[in-house]
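Notes to accompany the following structure.
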Amino acid sequence: MLKRHRANVEILPHDVVELILERLPVDSLLRFKSISKKWKSTIESGRFQEAQSIRRRQSRGPDVLCVSLKYSDDYDEEDTDAQRIVLGSSIVSTVSFPTSGSMFCHGSCDGLICFYSLVELRVSVVVNPATRYQRSFPLSNYEQLLKEIFYSPTPGLGFGKDKVKGTYKPVYLYNSSEFSLDNVTTCEVFDFSIDAWRYVIPASPYRIRPYQKPVYFDGSLYWLTECEETKVLSLDLHTETFKVICKAPFAHARKRFDVFLSILDNRLCVSRRKWPTQVIWWLDSSDGSKTWKKMCTLDLTKTSSWFGECHLLPIAFLDKNKLLLHGHGPFQPLVIYDLHNKSYDLLFKPSKRLGVVYYFESLFSVLADA
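First residue of the sequence shown? That's 73 in this note's numbering, and the numbers climb one at a time after it.
Structural data, given as structure tokens:
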């Protein structure tokens with residue numbers, strides 16, 4: 073079959089072939105690498121992979137992966153909780169990897185998902201679900217400290233991309249005083265090119281809220297600060313400098329799980345739960361200023377039969393005005409909120425521990441060719 077296709081495509085200019093290839097799913101591109109050395113070189117080039125990724129984002133909405141989370145290296149091939157649900161142009165599906173972790177970074181970056189573990193403390197791993205590529209990296213100094221000091225309010229790992237150099241960076245930012253360290257905060261960045269962690273100096277001048285996962289958006293990672301007036305803190309992954317970009321659209325929230333950041337519809341968003349509602353705002357920077365605008369208000373009394381009074385994690389917009397929500401715990405159900413008719417519908421309830429991430433399939437790896 074491939075030989076017959078090879079005879080047909082050789083009469084086409086290669087730039088036309090590239091435009092055709094950009095529109096194909098990743099599994100097809102992986103097969104087509106065997107057609108010729110030129111096709112293989114094209115598909116493996118960073119330039120083509122970037123073009124394919126952009127084309128995928130423009131063609132339809134994000135997919136959502138419900139990933140099995142593991143507290144040990146035991147791997148069970150049997151997936152009794154398999155799901156594949158089509159919603160508009162998006163697909164929600166369950167998936168399991170031979171190596172993952174008990175925790176995961178918020179969302180995905182260029183189709184890469186980063187897993188880590190702060191309870192059992194084992195190596196972290198970056199996975200591309202479409203290609204099955206994976207790359208592990210060692211424990212940070214922060215994780216080594218956790219072995220010696222029981223510290224409950226552990227902040228999560230961040231994972232993002234230096235858009236100038238095209239390199240990927242796992243990042244830990246944590247408050248120093250809990251570990252008897254100097255300065256307000258301590259920041260560690262992992263460098264895949266040398267396979268080592270290093271410190272970013274200076275780190276953030278503001279303490280960060282505990283338990284939160286940083287979110288990645290457009291070349292920077294973001295956290296919420298632990299101040300009387302909650303602020304949004306950013307780390308530029310190219311310059312590795314911190315700055316406060318704006319205040320949050322609410323007063324200081326004392327409860328640890330009441331406020332958090334997310335990325336929805338390619339926008340930086342923040343949520344605040346104040347029973348019986350949860351408000352989601354998005355940050356508008358279109359006119360050069362930074363203004364919070366209300367996206368929607370969730371009525372938590374209508375979801376209490378599934379989640380109690382807990383806050384809901386907004387995952388992604390599917391099928392235009394349908395927002396996928398997940399509970400805080402790994403066994404919580406997935407629910408669809410329709411912004412038009414204000415209705416809530418159960419998508420499915422997992423029987424095992426799942427992490428839920430939005431995702432655009434890609435060919436990327438952490439050390440892709442230029």
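Here a beta-carbon is modelled for each residue, glycine too, at the ideal position from N, C-alpha and C.
These numbers were taken from a predicted model, which means no experiment stands behind them.
Boundaries of the beta strand (DSSP E) harbouring D417: S415 to F420, taken from the DSSP string. Taken in chain order, the whole beta strand (DSSP E) runs of length 3 or more contained in the segment 355 to 441 are 363 to 371, 384 to 390, 394 to 399, 406 to 410, 415 to 420 and 426 to 431.
Here N247 carries a strand assignment [DSSP, helix/strand/coil]. A Cβ-Cβ distance of about 7 Å is found for the pair K285 and C177, placing them in contact under the 8 Å criterion. Under the DSSP definition of a beta bridge, E260 partners with Y244 and Y271. L159 and D410 have their alpha carbons spaced roughly 12 Å apart. With contacts defined as CB atoms closer than 8 Å, Y246 and P277 fail to qualify as a contacting pair. Assignment of R281 by DSSP, reduced to helix, strand and coil, places it in the coil class. When secondary structure is reduced to three states using DSSP, W111 falls in the helix class. Bounds of any alpha helix (DSSP H) do not take in I317; it lies within the beta strand (DSSP E) bounded by T313 to K319. In this structure, the straight-line span from the alpha carbon of L102 to that of T203 is close to 8 Å. Residue state for S196 is assigned as strand, using DSSP reduced to three classes. In the DSSP assignment, S131 falls within the unbroken alpha helix (DSSP H) covering G118 to S131. When secondary structure is reduced to three states using DSSP, R156 falls in the strand class. In its chain, beyond the 5 residues on either side, S162, A388, Y430, Y431 and F432 have a beta carbon closer than 7 Å to the beta carbon of P134. Rounded to the nearest angstrom, the gap between the Cα atoms of K241 and E312 is 10 Å.
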